[in-house]
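Down below is the structure, laid out as C-alpha cells.
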Amino acid sequence: MKRIEMILNKGLYACCNWVKGNLFRACFYMLSALIISIGFSACQSNNEEPNELRPNILLIVVDDAGFSDFSSYGGEISTPNIDQLASNGVQFTRFYTQPMCAPTRASILSGVDNHQNGLGAMPPMHTQNQYMQPGYEGYLNEKVVTLPEVLRDNGYQTYMSGKWHLGCLDSTQYPNGRGFERSFAQMAGSAGHFQDGFATGPIDVPVTFYVEDNRRIEELSENFYTTKDYTDYMIQYIKESDEEKPIFGYLAYTAPHDPLHVTDEYIDKYKGAYDEGFDAIRRARLERMKNMGLVDESVPYNPGTGNFTQWDSLTADEKVIQARRMEVYAAMIACVDDQIGRLVETLEAEKRLENTVFIVMSDNGPNPYDPEFYYLGSVDEFNKQGFDNSLENMGRDNSFISLGGAWAEVTATPFSYYKTTTGEGGIRTPLIISGVGIEANGVKDITVHAADIYPTVLELADAKRPETYRGNPMNPLFGRSAKPLLEGEEDHVRDTEIEPLCFEISGYKTVIQGDWKLMQGKAFKNGGKWVLINLEEDPTEKTDLSEEYPDKVKEMAEHWEEYSVKHGYIPPEGNMYVIEIGAETFYNYGRDYRVK
Numbered sequence: 166m167k168r169i170e171m172i173l174n175k176g177l178y179a180c181c182n183w184v185k186g187n188l189f190r191a192c193f194y195m196l197s198a199l200i201i202s203i204g205f206s207a208c209q210s211n212n213e214e215p216n217e218l219r220p221n222i223l224l225i226v227v228d229d230a231g232f233s234d235f236s237s238y239g240g241e242i243s244t245p246n247i248d249q250l251a252s253n254g255v256q257f258t259r260f261y262t263q264p265m266c267a268p269t270r271a272s273i274l275s276g277v278d279n280h281q282n283g284l285g286a287m288p289p290m291h292t293q294n295q296y297m298q299p300g301y302e303g304y305l306n307e308k309v310v311t312l313p314e315v316l317r318d319n320g321y322q323t324y325m326s327g328k329w330h331l332g333c334l335d336s337t338q339y340p341n342g343r344g345f346e347r348s349f350a351q352m353a354g355s356a357g358h359f360q361d362g363f364a365t366g367p368i369d370v371p372v373t374f375y376v377e378d379n380r381r382i383e384e385l386s387e388n389f390y391t392t393k394d395y396t397d398y399m400i401q402y403i404k405e406s407d408e409e410k411p412i413f414g415y416l417a418y419t420a421p422h423d424p425l426h427v428t429d430e431y432i433d434k435y436k437g438a439y440d441e442g443f444d445a446i447r448r449a450r451l452e453r454m455k456n457m458g459l460v461d462e463s464v465p466y467n468p469g470t471g472n473f474t475q476w477d478s479l480t481a482d483e484k485v486i487q488a489r490r491m492e493v494y495a496a497m498i499a500c501v502d503d504q505i506g507r508l509v510e511t512l513e514a515e516k517r518l519e520n521t522v523f524i525v526m527s528d529n530g531p532n533p534y535d536p537e538f539y540y541l542g543s544v545d546e547f548n549k550q551g552f553d554n555s556l557e558n559m560g561r562d563n564s565f566i567s568l569g570g571a572w573a574e575v576t577a578t579p580f581s582y583y584k585t586t587t588g589e590g591g592i593r594t595p596l597i598i599s600g601v602g603i604e605a606n607g608v609k610d611i612t613v614h615a616a617d618i619y620p621t622v623l624e625l626a627d628a629k630r631p632e633t634y635r636g637n638p639m640n641p642l643f644g645r646s647a648k649p650l651l652e653g654e655e656d657h658v659r660d661t662e663i664e665p666l667c668f669e670i671s672g673y674k675t676v677i678q679g680d681w682k683l684m685q686g687k688a689f690k691n692g693g694k695w696v697l698i699n700l701e702e703d704p705t706e707k708t709d710l711s712e713e714y715p716d717k718v719k720e721m722a723e724h725w726e727e728y729s730v731k732h733g734y735i736p737p738e739g740n741m742y743v744i745e746i747g748a749e750t751f752y753n754y755g756r757d758y759r760v761k
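The numbering of the sequence shown is this note's numbering, which starts it at 166 and goes up by one.
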C-alpha cells in the first residue's frame, strides 16, 4: 500500500509541474497509479471472496442412535432443532454406515473404504491375522488425508470436539495431528459421561482419556457432562475464530452411547413415556413414519428378530426397569437436540448462520448389548465394579446401564437387527443435510454411504483432495459427492445397479445392488451362508430368497469377491487378539506404548 501511495504522490507532484514540459510523464504516473490501485483492490477482492462465499460446515454425529429416534424420523422423542434442520434441507432415508462407530467415522473423515483407511477392523476387535496388517492398523493411516487436513490447507479453520476413537498412541494420531487446529476429544470408543469418565471395560482402560489439542487432560471439570461440554468447546472455538475465514466443525457426540447417563435436568423428562412397552412404541413409530411419508404404507409391522425378551414375559418390576432404560436414553437424545439449538444460536449471534451447512447423522444403529458385554460377557466381573444400578440411580453418576436388545430393535423401526450387524437396523441411520445452498427438498429415498460425506464436504468447500500428502500416495476415494443431488443437478448419488455398494466389518459382509441385498453374518442364523433380500418388497428382512434366486446370489457374490480383493479384505480368524496379548500391548501397535 505504501508503494501505491508513493506512486500517487509522485503522480500528483508531476501534474503540478506539467508546465515545465513534463505533461506526458505526469499523465503516465497518474495512469500507473490508477491501474496499480485498481489491480490491488481486485487482488484483495479475489483473496477475500472465497472466504465470503465458501460455507461454514458443521458435521454433527450422534452415537448409536436408531433410525426412528428423531421426531423428524417418526420418533416420540422431542428433537425440534434437528427437525428444523430437516425441514429446511434434505432428509435421507437410505443412508448407510458401517455397523460400528470407528469404521464409520474413519470413512467420513477420509472418504476411503475402511479396509484401506486403517479401520478394516473395529479396534480392539482385530483377530491375530488382521492385527497391524495394511488397512487394519487400528487408526487413520498415512494413506489417507483427512477432511480437516484438506480444508485447513484451503483456508478453513478446523475444530473438533467429542469422540475420536481413530488413534491415540501419540500426539500425531490425536485430532490435532490429523488436521484439527483446535480440539477437545475423548479418545476411546465409549466412557462414562460425567467427571470420572470411567472406562466401560478393562480392554478400554489404556485408551480412555481426554486430550485438548496436543496434550492429555488429567482431570475434567466438576460438573462435566459430555454432551454439554462438547458443545461448550465447539461454541468457544467458534467465538474465538477469525470472522474472515470459514469454519469446519466436527461435533462428535458420545450420546446416546452407553453408559446411559443424563443430568438431573433431564433425568425425568420422559418419565412414564415408555410404560406401555416395546410393541406399543414400535407400532406408534411406524404409524407416524407412514403418515410422514418416510416409509411406504405397505411396510408391515416388525415384531423384531425374536432374539430378545418380549414385554409380556416380564414381571411388573422388570417392566419398570426396562421402561427406565428407555426414558434415560430418550433424555440423552433430547439433550443432544438442545445443545444443537445452542450451537445454532451461537452461529446466529456470530453472524455465521446464514452461510452454514449442517450435516447431522448417526454413526451406526442402536446398541443391543448389556453392560457385561464390555467385560467379555462376564456378569460376575461386571458386578465386581460396584455400580449402583438401583431404579433411583439409573442414569446418574456411578450407574452403568444400557439400552438392551429389545429397545434397540424398537429404535431401529421399521428395520430388523442392530449395531454390529449389517442388517438394515445396524447400518441404516438418519442423515440430514441443511443450510446455505441446500434447497428444502424433503425426504429422499436415495442410497448414500458414510464415505460420501467426504467428497460432498470438499465440493461444498471448493477444495480438492491432493493425490499425495506428506510424501505418501493416497488410497483411492470410495465416496461419491452428493453435491450435484443437493443442488438439483442429479437424481442420485450412487447407481448401485451398475456399481454395487459393498462393505464389511467383523465378518459381516454386505452387497447392495438396486433393491437387492446380499448379506452374511452369524446374527442371520443361516449357517454362514449368503442371505438374499429384496429390500423393496421386504424392508424388514424376513424372507431369505437365496434358494429361489441362486443366479442372483452368484452374481452378487462375485461383486463381493471383486470388492474384497480390490480393497484388501482380510477374513477374521479366531478370537480377539487383545484377549491374548493384553490391552496395553495391543494398543502399542508395535511400538513402545506412550502418550505425548
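Backbone N, C-alpha and C fix where the C-beta goes; we use that ideal spot for every residue, glycine too.
Between arginine 645 and glycine 588, the alpha-carbon positions lie close to 23 Å from each other. Taking a cut-off of 8 Å for Cβ pairs, the region 424 to 441 and the region 482 to 496 touch, as three or more such pairs fall below it.
Straight-line spacing of the CA atoms in cysteine 667 and leucine 250 works out to 30 Å. Where histidine 724 is concerned, the enclosing alpha helix (DSSP H) starts and stops at 715 to 732. Per the C-alpha coordinates, the member of Val372, Ile247 and Leu218 positioned closest to proline 289 is Val372. Exposed is the label assigned to serine 543, since fewer than 16 other Cβ atoms lie within 10 Å of its Cβ. Of the residues assessed, glycine 693 falls on the exposed side of the cut-off, its CB having fewer than 16 other CB atoms within 10 angstroms. In the same chain as aspartate 482, and ignoring 5 residues on each side of it, no C-beta atom comes closer than 6 Å to its own. Counting C-beta pairs closer than 8 Å gives fewer than three between the region 591 to 599 and the region 461 to 469, which falls short of the contact rule. Assignment of aspartate 610 by DSSP, reduced to helix, strand and coil, places it in the strand class. Per DSSP, tryptophan 476 lies in no beta strand (DSSP E) and is assigned neither H nor E. If you check the CB distance, glycine 327 and alanine 230 do not come in under 8 Å.
Remark: fewer than three beta-carbon pairs, one from each stretch, lie closer than 8 Å, so the region 704 to 714 and the region 283 to 300 are not flagged as touching. According to DSSP, arginine 343 shares a beta bridge with no other residue. By the Cβ criterion, the region 216 to 226 is in contact with the region 515 to 529, since at least three pairs of Cβ atoms, one from each stretch, lie closer than 8 Å.
Shown here, glutamate 492 sits in a helix according to DSSP, grouped into three states. Inclusion of leucine 697 and lysine 717 in the CB contact set at 8 Å is warranted, their separation being smaller than that value. In this structure serine 567 is not in contact with leucine 479, their Cβ atoms being roughly 17 Å apart against a cut-off of 8 Å. Under a 10 Å Cβ-count criterion, lysine 308 is classified as buried, with 16 or more other Cβ atoms of the shown protein chains found around its own Cβ.
In this structure, tyrosine 261 sits near histidine 614, with a CB-CB distance shorter than 8 Å.
Residues Asp228, His330, Gly354, Asp528 and Asn529 of the same chain have their beta carbon placed closer than 7 Å to that of cysteine 266, with the five preceding and five following residues left out of the count.
Within the same chain, and ignoring the five residues on either side of tyrosine 431 in sequence, the residues whose Cβ sits closer than 7 Å to its Cβ are Ala496, Ala499 and Cys500.
The region 372 to 388 makes contact with the region 341 to 357: 3 or more CB pairs, one atom from each, lie closer than 8 Å. Counting only unbroken stretches of 4 or more residues, the alpha helix (DSSP H) elements lying wholly within the region 530 to 588 are 544 to 548 and 570 to 576, in sequence order.
Residue environment: leucine 508 is assigned as buried (16 or more neighbouring CB atoms within 10 Å of its CB, all protein chains considered).
For valine 622, the uninterrupted alpha helix (DSSP H) segment begins and ends at 618 to 625. Here the C-alpha atom of threonine 474 lies approximately 12 Å from the C-alpha atom of alanine 573.
At a Cβ-Cβ threshold of 8 Å, alanine 688 and threonine 576 do not count as neighbours. Of all C-beta pairs linking the region 399 to 414 to the region 541 to 556, fewer than three are shorter than 8 Å, placing the two stretches out of contact. For glutamine 360, no beta strand (DSSP E) encloses it, and the DSSP letter there is neither H nor E. For glutamate 377, the secondary structure class from DSSP, reduced to helix, strand or coil, is strand. Just measuring C-alpha positions, the residue of Trp695, Asp709 and Gln487 sitting nearest glutamate 720 is Trp695.
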